[in-house]
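Q:
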Amino acid sequence: MQQAIAILDSGVGGLTVAREVMRQLPQESIIYFGDSERSPFGPRPAEEVMRFTKEIVHYLLQFKPKMIVIACNTATAVALDEIRRSVDIPVVGVIHPGVRAAIKNTKTKRVGIIGTEGTVKSQAYDKALKEIAPHIQVTSQACPKFVPIVESGIEENEEVIEIVRESLRPIQIDGLDSLILGCTHYPFLTETIAKVMGPNVELINSAEETAREVSAILYHRGELAKATTPPQHKFVCSGEPQLFQQIAERWLARKIEVERMIWEKTTS
Ligand code: DGL
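Reading the sequence shown from the start, the letters are residues 0 to 267 in numbering that gives the first Met the number 0.
Have a look at this one:
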């Protein structure tokens with residue numbers, strides 16, 4: 000097997016990034032890990048998210064990946080710098096790509112961010128946006144009910160619409176034209192979020208920009224996969240594999256196999 004790109008998340012959210020990597024880099028192999036047993040990460044203390052992220056990275060390193068993508072905003076917010084320091088391969092997070100996409104999109108200079116409690120509390124987006132474009136006005140809102148909906152595989156229904164409407168009420172601000180989906184699970188709810196926010200608000204999904212960053216780094220390092228070896232993907236989760244597989248196959252529009260990895264001592 001050619002050297003893969005390792006992608007991690009607390010569950011199925013990182014598949015939104017994996018799908019985009021598959022689309023932009025169809026020759027690359029992916030090893031995906033979803034920590035569905037310990038999902039959600041959002042309400043957990045930063046130290047715990049840091050420890051979980053280190054454990055997942057340690058697990059993934061056995062596959063000798065050429066790059067790690069932390070496809071989880073909550074983990075990116077607390078652990079990106081530390082993981083970068085601890086491994087000798089490139090590590091990509093999802094916050095800066097989302098920030099760049101929002102800056103590119105906004106005309107009114109009013110940007111909203113929705114994410115987990117952990118991400119919003121860390122203010123990682125606010126800081127990254129202010130650093131690059133201090134004139135942009137930022138409003139953040141945690142939406143803790145979204146990740147459990149996505150992880151349970153529920154598709155849109157009346158109850159989901161009501162939850163989304165209620166959760167997004169504080170972010171419906173005059174002049175806001177860009178809303179960063181600051182959690183990789185949220186693109187699963189794109190249609191509902193778009194319906195609630197209305198046509199004047201563009202939803203910013205960092206997956207596309209993250210895949211572009213992955214592509215650029217591999218290109219500059221001369222590490223893009225060769226067309227001679229067909230890509231092979233591997234999907235591992237720590238929770239219920241059937242449910243993960245069902246959600247993943249629907250999202251990726253392809254058949255996959257999912258392995259279960261059980262953490263040695265339970266740390267959830
Ligand atoms: N998908 C993750 C994120 O982007 C984690 C969500 C969670 O587990 O709470 O933040």
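The beta carbon of each residue, even a glycine, is placed where N, CA and C say it ideally should be.
#1: Just checking my contact of Lys144 with Ser166 at CB under 8 Å: how many whole Å lie between their CB atoms?
#2: Give the secondary structure of Thr138 by DSSP, where H, G and I count as helix, E and B as strand, and everything else as coil.
#3: How would you label Glu256, buried or exposed, when you count the other beta carbons within 10 angstroms and need 16 or more for buried?
#4: Please name the residue in His57, Ile29 and Leu24 whose C-alpha comes closest to that of Trp262.
#5: With H, G and I counted as helix, E and B as strand and the rest as coil, what does DSSP make of Val110?
#6: Look up Glu150 in the DSSP assignment and say whether it is helix, strand or coil.
#7: Should Ser85 be listed as close to the ligand DGL, given that the test is whether its C-beta is under 7 Å from any heavy atom?
#8: For Leu202 versus Leu175, is the C-beta spacing smaller than 8 Å?
#9: Using 8 Å as the threshold, is the C-beta distance between Glu150 and Gly10 below it?
#10: If we count the other Cβ atoms within 10 Å of its Cβ and call it buried at 16 or more, is Ala74 buried or exposed?
#11: Run through DSSP, which three-state label would Lys103 get?
#12: Give the DSSP-derived three-state secondary structure of Asp125 in the structure shown.
#13: If contact is defined by three or more beta carbon pairs under 8 Å, each pair taking one atom from either stretch, is the region 202–215 in contact with the region 80–93?
#14: How should Asn72 be labelled, buried or exposed, when 16 other C-beta atoms within 10 angstroms of its C-beta is the threshold for buried?
#15: What is the DSSP secondary structure of Glu258, counted as helix, strand or coil?
#16: What first and last residue would you give for the beta strand (DSSP E) that runs through Phe32?
#17: Measuring CB to CB, does Gln23 end up less than 8 Å from Arg211?
#18: Assign Gly197 to buried or exposed, taking buried as 16 or more other Cβ atoms, counted over all protein chains shown, within 10 Å of its Cβ.
#19: Out of curiosity, what's the CA-to-CA distance linking Pro230 and Pro169?
#20: Determine the burial state of His134: buried for a count of at least 16 other Cβ atoms within 10 Å of its Cβ, exposed for fewer.
#21: Can you list, in chain order, the residues of its chain with a C-beta nearer than 6 Å to that of Lys233? Leave out the 5 residues immediately preceding and following it.
#22: Could you have a look at Phe234 and say whether DSSP puts it in helix, strand or coil?
#23: Whether or not the region 44–58 and the region 98–115 are in contact is what I'm after, with contact meaning three or more pairs of Cβ atoms, one per stretch, closer than 8 Å; do they touch?
#24: Name the residue from Ala193, Val163, Ile67 and Pro44 whose alpha carbon lies nearest to the alpha carbon of Gln272.
A: Working from what's here:
#1: 6 Å
#2: strand
#3: exposed
#4: Closest in alpha carbon position to Trp262, among His57, Ile29 and Leu24, is His57.
#5: strand
#6: Here Glu150 sits in helix by DSSP.
#7: no
#8: no
#9: yes
#10: buried
#11: helix
#12: helix
#13: Judged by Cβ distances under 8 Å, the region 80–93 makes contact with the region 202–215, as three or more pairs qualify.
#14: buried
#15: strand
#16: Taken as a continuous stretch (DSSP letters only), the beta strand (DSSP E) holding Phe32 covers Ile29 to Gly33.
#17: yes
#18: exposed
#19: If you take the alpha carbons of Pro230 and Pro169, they lie about 44 Å apart.
#20: exposed
#21: Ile30
#22: strand
#23: no
#24: The chain is shown only over 0 to 267; residue 272 falls outside these bounds and no answer can be derived.
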